[in-house]
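>
Residue numbers (the UniProt record's numbering): 1 to 53.
The following block contains the structure:
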């Protein structure tokens with residue numbers, strides 16, 4: 001890990017259009033109800049990828 005410059009991960013939904021929502025918030029607003037969106041579990045399938053260099 002001492003030589004890793006950058007690492008990131010991302011997920012891609014398979015078979016349907018993603019409904020990913022980006023939220024920008026200030027420090028201390030992590031659980032502010034205006035920044036939260038209710039979620040539910042569904043039968044969607046996704047693939048998580050991770051890489052570094």
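Just so it is clear, CB atoms sit at the ideal spot from N, CA and C, and this is done for glycine as well.
Note down the Cα distance separating residue 50 from residue 14, rounded to an integer number of angstroms.
Straight-line Cα distance between these residues: approximately 17 Å.
> Excluding the 5 residues flanking residue 21 on each side, which residues of the same chain have their C-beta closer than 8 Å to its C-beta?
Closer than 8 Å at Cβ, skipping near neighbours: 37.
> Kindly indicate which three-state DSSP category residue 129 falls into: helix, strand or coil?
Limits of the chain in this structure are 1 at one end and 53 at the other, which puts residue 129 out of reach.
> State the Cα-Cα distance for the pair residue 24 and residue 33, rounded to the nearest angstrom.
Using only the alpha carbons, I get a separation of about 13 Å.
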